[in-house]
Amino acid sequence: MTAIPHAAEALTSALDRFGHASWRVLEAVTGVDDADLGAALVDMSAAKTQAKAGVAVLRFSDEMWRALVEIVQEPERP
């Protein structure tokens, strides 16, 4: 299934984006950097949405795979 590697890559990317954005939030809150808190929070929200989409694609791919296996395993009808 080609959708699974793409979904896994999207999920990995989303987790990475979320991690970077959370660092920017921390820097903005502590005053360590001149980071934009609002932009960092928006990036965290976007990363969360991207992660949800990746998980949804993985679940859908799994459902389709199971349906395909069921079709193949059905006995032939006369």
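Under this note's numbering, the first residue of the sequence shown carries the number 10, and numbering increases by one thereafter. Glycine included, every Cβ here is placed at the ideal spot set by N, Cα and C.
### Task
Mind checking which residues open and close the alpha helix (DSSP H) that includes Thr39?
Note, Thr39: alpha helix (DSSP H), 12 to 39.
### For Leu67 and Glu85, the rounded distance between their alpha carbons
Straight-line spacing of the CA atoms in Glu85 and Leu67 works out to 30 Å.
### Task
In angstroms with no decimal places, state the Cα-to-Cα distance between Gln59 and Thr21.
Their backbone Cα atoms lie some 10 Å apart in a straight line.
### Query
Is it right to say Arg33 is buried, meaning 16 or more other beta carbons lie within 10 angstroms of its own, or is it exposed?
Around the CB of Arg33, 16 or more other CB atoms lie within 10 Å, so the residue is classed as buried.
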